[in-house]
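Engineer:
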Amino acid sequence: MKEGDGGDLVLLGSGELARSLARAGLVDSYVLLVHPIVLGSGTRLFEPGLTPSALELTGTRTSSTGVIIASYRASPRAGGDR
1 MKEGDGGDLV LLGSGELARS LARAGLVDSY VLLVHPIVLG SGTRLFEPGL TPSALELTGT
61 RTSSTGVIIA SYRASPRAGG DR
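For the sequence shown, this note's numbering begins at 1 and goes up steadily by one.
1. Could you check where the beta strand (DSSP E) with Ala22 kicks off and where it finishes?
2. Looking only at its own chain, which residues have a Cβ that is under 6 Å from the Cβ of Ile69, when we skip the five neighbours before and after it?
3. State the Cα-Cα distance for the pair Val67 and Pro36, rounded to the nearest angstrom.
4. Would Ser71 pass as a contact of Val31 if the rule is Cβ separation under 8 Å?
5. Would you list the residues sitting across from Val31 in a DSSP beta bridge?
In structure tokens, the structure reads:
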């Protein structure tokens, strides 16, 4: 699917699948919606090997409700073999 020309694939709400795809080097970009609320502890989206330096911030917007929409490009070293 990654090598094909079928367009973008979007993943919503599955941190486990996102981590698996990142480990395999199959994630090209992330769009994160950061809501201005605190819910407590939980599972991390990014594994220890995926540091902020492995992501390049490509854009940000703030919605009228305060949600921050941040776009990142994953560098080749951010996952497995590419």
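Beta carbons are placed, not taken as given, at the ideal position from N, Cα and C, and that holds for glycine.
Computed from a predicted structure; not experimentally measured.
Structural biologist: Taking the structure as given:
1. Residue range Gly15 to Arg23 is occupied by the alpha helix (DSSP H) that includes Ala22, with no beta strand (DSSP E) assigned at that position.
2. The beta carbon of Ile69 lies closer than 6 Å to those of Leu33 and Arg61 in the same chain, with the five residues before and after it left out.
3. One C-alpha to the other measures close to 6 Å.
4. For Ser71 and Val31, yes; Cβs fall inside 8 Å.
5. In DSSP, Val31 forms a bridge with Ser71.
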